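Residue numbers for the sequence shown, in numbering that gives the first Met the number 0: 0 to 733.
Idealized CB from N, CA, C, for every residue including glycine.
Predicted model only: the values in this text are computed from it and were never measured.
Some notes on the structure that comes next.
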Amino acid sequence: MAAASYLSDSLDLNKSSSSDQSLSDRSSNRSLRVAEKERRKKEAKDPFVLAVKYFSDVKAGTPVIGNDVVERNLVVVEAVAHSKGLPPEAISVMLEFAMSLRMGTSLCARVLKCLIPATVVPQEAVVRAVGWLGVSKIPTSTQVLFIKWVLTVFDMIDAKDKLRAIYGFIFSYVRDENLCPYICHLLYLLTTKQNVQVFRVRKLLELQTKLGRQPFLLHLLSLYKVFCPELVTLSVPSRMRSGFRNHNSPWKCALALVQKKNGVLLDPNAGVTLTVKDQSKSRKRKHCRLELVKLSCALNKESQTESSSSTKLVPLAQLRTFAELLENMHRIELPAQMGSLLSTSVALHYLDCVQDESALLRLNLWLGYVLQEDFLFCQDGGTSQNSDKALHFLSRLLMANQFLQEGFSSSEAFLYKFLTVWDGFLMRPQILGLLSNIYVVPSHKMGTLLFEPLKQLYFTSSLFFKCGLLECLNNMLRKWLTWHSVYALEDDMDISINSHTSIHITLSGFKDSVFQLVQFVGHLATVGLQVESCHTLLLNFVLEFYETVCDMFLQYGLPLIVIPPPGVFYPALLATDPVSVDRLAYIMYKYKVNLAFYKSQEKIIKSLPSSRQTVIDFNHYQVDMVNYLWNGKMFLSVNLQLNEKLFGSSKVPDCAKSFDLVHHPAFMGYAVDFHRKHWPSRRDLDLHSIKGTNVWDRYLEYLFSQGYKGLKHFVQTNTKLPSRSREDSVASEA
């Protein structure tokens, strides 16, 4: 009975709790219905909702002239569009109204100009609008405006599968000369390997015959050639100017302001106007408009699920690790926002690993927009906040270059133009860093593209800019030599400078470019050391450059040896700091090692008639350095002679011996310290006593123990040391 009573009580309790829950659900549903009813009442009174409903229900043929209702509603839509953007439903309604020409063509362009999305653009609305191009009699100017709008909001369209499905319909409009540049741009963004067909290639080639080698046709053909090289036999130039102009300016600023208010970043090209104030009144400063977004997917969840299930592609934005990238490498879907590839290491790994060049082509196209058209050719005015954005963008681009160990062709074209207007101060580390990553420049173009603007900046700027430029050119030379050693073919006749480009250069052409670069730096260093009174910091960067030059043959396999000019060698030899003299000694030692191996290659020497003069110049330097530091015969060489009257006017006794390893200004401090340690009881200072037979080798050991390895190598390879010194040196090295 107790159990039955307990069960009965439990059933009663469950019934009461279920009834309470049902009452709660009913009250909750009633609250929701009331809230929904209130919302509908508010929307019914909202002028924007009423305006959109008007354009949705308006009948075809309704007159425009004298119609105050349409004007009032359109003003409401325009106000909302420019303040907070239009929702997807409003975009669909207004786009359908404009392209269907219900009220004629007079309002079509005005409506298109106010289509500023708040979040995303429905793909179905764009597809229907494209369909209206072939149905209604839309003026050509309005058709162009519509395609420009599609290009502007392309990254905000919620899916692209249906647009790609009507690729052939869109392609048919390339026949129209007015639409062709914009249609080619849209096709470039939509093209996949399946879209490349023989008849389309043939049509583009026919248009090229008719219109000439237009950049927009060449860029689309270059993408076709990447996907199907067997179909496109046309040779596409390796360096092309920007083929698709930045046509979306009517909406760009308004869209950027709306996104800033809403906290949404979907469009990489719609950055806030970014400008930098002029730092130099003598030059006209050009400004920029840049924006770099995070890697994200513009698809909504439903369309993303449909796309994934139908095509089995994995958006790059969903990958977080390198392991996930490797697992899905064969089915990666690139983001619409190509600029976002610079914001994550996974995307940069994809660019580095993938063999398909379409991603690099699209990224270079985007960079061409941002760097050349936005950075160089935007209007004046700006704030420090915008300057910070420009700095962040260039820093991110530089990090991508360093990650990939190569530069982008679009940034290279930008730099050539920017150097002509650069003041040497604006974002100097970023500009010099990007400059050091450029591809090998043909020798006949180096003067106009690089040497002339850099020479003007170098001779009119501060010491620190001179040092920074020399470091940049040193890094550039190292990159070029590394590319040669990595990508050179076995026959050493033709090398591909970069694995991701079609740039090819002969070995002789490459050597000409390297030779001109080294000669140019030698000229800069010679004059710069004279202007800056042989400043130690500048001399350090000059010697660092020649440390790269001296070992080009053995380390990088380039059969070329270039000797530094006298304006570099003698200031380093007569420097007042021991580090510079030690670095020069190491450089001369490496030159000797390279030349010794160089002379053993008879085939190379016969092919280079200037090699004999190089050996002669090196021998002169070698003799001078030994005479100065070892024999005490300063200014007695053939290369550098002085009148004896000048020696007398200096009133320095034994002037010819004032630059040996004891009396040299760079090592005199060590000589004095050694003298005090070796003869602690002496009160007089006689540095000549160090040259005694029993003391000289100990003094050399003392110098070598201070860390001057370059001097040690030079002395050991060019002089005859006493046997004990050589044995001690070998023991210390072991």
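Tell me where the alpha helix (DSSP H) around residue i begins and ends.
| i | result |
| --- | --- |
| Tyr-620 | 610 to 625 |
| Ala-524 | 506 to 530 |
| Val-420 | From DSSP, Val-420 is part of no alpha helix (DSSP H); its letter is neither H nor E. |
| His-81 | 67 to 83 |
| Pro-180 | 179 to 189 |
| Trp-365 | 357 to 366 |
| Pro-87 | 87 to 99 |
| Gln-193 | No alpha helix (DSSP H) contains Gln-193, which DSSP labels as neither H nor E. |
| Arg-199 | 197 to 210 |
| Met-445 | 442 to 445 |
Tell me the rounded alpha-carbon separation between residue i and residue j.
| i | j | result |
| --- | --- | --- |
| Phe-713 | Met-398 | 39 Å |
| Leu-396 | Cys-179 | 32 Å |
| Val-580 | Cys-533 | 13 Å |
| Gln-715 | Phe-413 | 50 Å |
| Asn-717 | Trp-629 | 10 Å |
| Arg-477 | Thr-547 | 7 Å |
| Lys-690 | Val-520 | 39 Å |
| Leu-324 | Ile-437 | 28 Å |
| Asn-497 | Glu-405 | Its pLDDT being 41, under 50, Asn-497 is placed unreliably in this model, and the value from its coordinates should be taken loosely. Looking at the two C-alpha atoms, the distance is approximately 8 Å. |
| Val-625 | Leu-341 | 53 Å |
| Val-125 | Trp-479 | 47 Å |
| Leu-594 | Leu-350 | 40 Å |
| Val-513 | Glu-470 | 16 Å |
| Val-63 | Cys-252 | 29 Å |
| Ser-688 | Val-694 | 8 Å |
| Val-592 | Thr-525 | 25 Å |
| Ser-435 | Phe-458 | 19 Å |
| His-391 | Leu-449 | 25 Å |
| Ser-302 | Glu-123 | With a pLDDT of 41 at Ser-302, under the threshold of 50, the modelled position of this residue cannot be trusted, and the question is left open. |
| His-81 | Leu-188 | 27 Å |
| Ala-59 | Thr-118 | 29 Å |
Go through its chain and collect everything with a Cβ distance to residue i's Cβ below 6 Å, but skip five positions before and after it.
| i | result |
| --- | --- |
| Cys-107 | Ala-97, Thr-141 |
| Ala-128 | Leu-94, Met-98 |
| Thr-139 | Asn-177 |
| Gln-515 | Ser-442, Met-445 |
| Thr-104 | Pro-138 |
| Leu-456 | Gly-423 |
How is residue i classed by DSSP in three states: helix, strand or coil?
| i | result |
| --- | --- |
| Thr-320 | coil |
| Val-313 | strand |
| Val-548 | helix |
| Pro-169 | The sequence shown places Ile at residue 169, not Pro. Reduced to three states, the DSSP call for Ile-169 is helix. |
| Val-671 | helix |
| Pro-116 | strand |
| Glu-411 | helix |
| Ile-331 | strand |
| Ile-586 | helix |
| Ile-560 | coil |
| Thr-718 | coil |
| Ile-156 | strand |
| Gly-467 | helix |
| Phe-713 | helix |
| Pro-570 | helix |
| His-391 | helix |
| Val-143 | helix |
| Ser-424 | It should be pointed out that residue 424 corresponds to Phe in this sequence rather than to Ser. Residue state, collapsed to three classes: coil. |
| Gly-60 | coil |
| Cys-352 | helix |
| Asn-436 | coil |
| Phe-757 | Any property of residue 757 remains undetermined from this structure, which presents the chain solely from 0 to 733. |
Give a single yes or no on whether residue i has its beta carbon closer than 7 Å to a heavy atom of the ligand GDP.
| i | result |
| --- | --- |
| Val-69 | Judged by which ligands are present, the structure shown has none, so any question about the ligand GDP falls away. |
If I measure Cβ to Cβ from residue i and keep anything under 8 Å in the same chain, skipping five residues before and after, which residues do I get?
| i | result |
| --- | --- |
| Leu-393 | Met-426, Gln-429, Ile-430, Leu-433 |
Spatial neighbours of residue i within its chain, please: C-beta separation below 7 Å, excluding the five flanking residues on both sides.
| i | result |
| --- | --- |
| Trp-250 | Ile-115, Trp-148, Thr-151 |
| Ser-410 | Leu-366, Leu-370, Leu-396, Leu-433 |
| Leu-758 | Nothing about residue 758 can be reported from this structure: the residues present for the chain run from 0 to 733 only. |
| Glu-332 | Leu-312, Val-313, Pro-314, Leu-315 |
Comparing the C-beta of residue i with each C-beta of chain B, is any distance below 8 Å?
| i | result |
| --- | --- |
| Ser-357 | Although the question refers to chain B, the structure presented lacks it and comprises just one protein chain. |
### Query
Okay, do the segment 587 to 594 and the segment 678 to 693 touch, 3+ Cβ pairs below 8 Å being the bar?
no
### Query
So does the segment 520 to 533 actually touch the segment 565 to 574, counting three or more Cβ pairs closer than 8 Å?
yes
### Message
Does the contact criterion of 3 or more C-beta pairs under 8 Å hold for the segment 67 to 82 versus the segment 50 to 58?
### Response
yes
### Query
For the segment 250 to 260 against the segment 217 to 232, are there 3 or more C-beta pairs whose distance is under 8 Å?
Result no; under three Cβ-Cβ pairs closer than 8 Å.
### Query
Touching or not, the segment 658 to 674 and the segment 535 to 545, by the rule of three or more beta carbon pairs under 8 Å?
no
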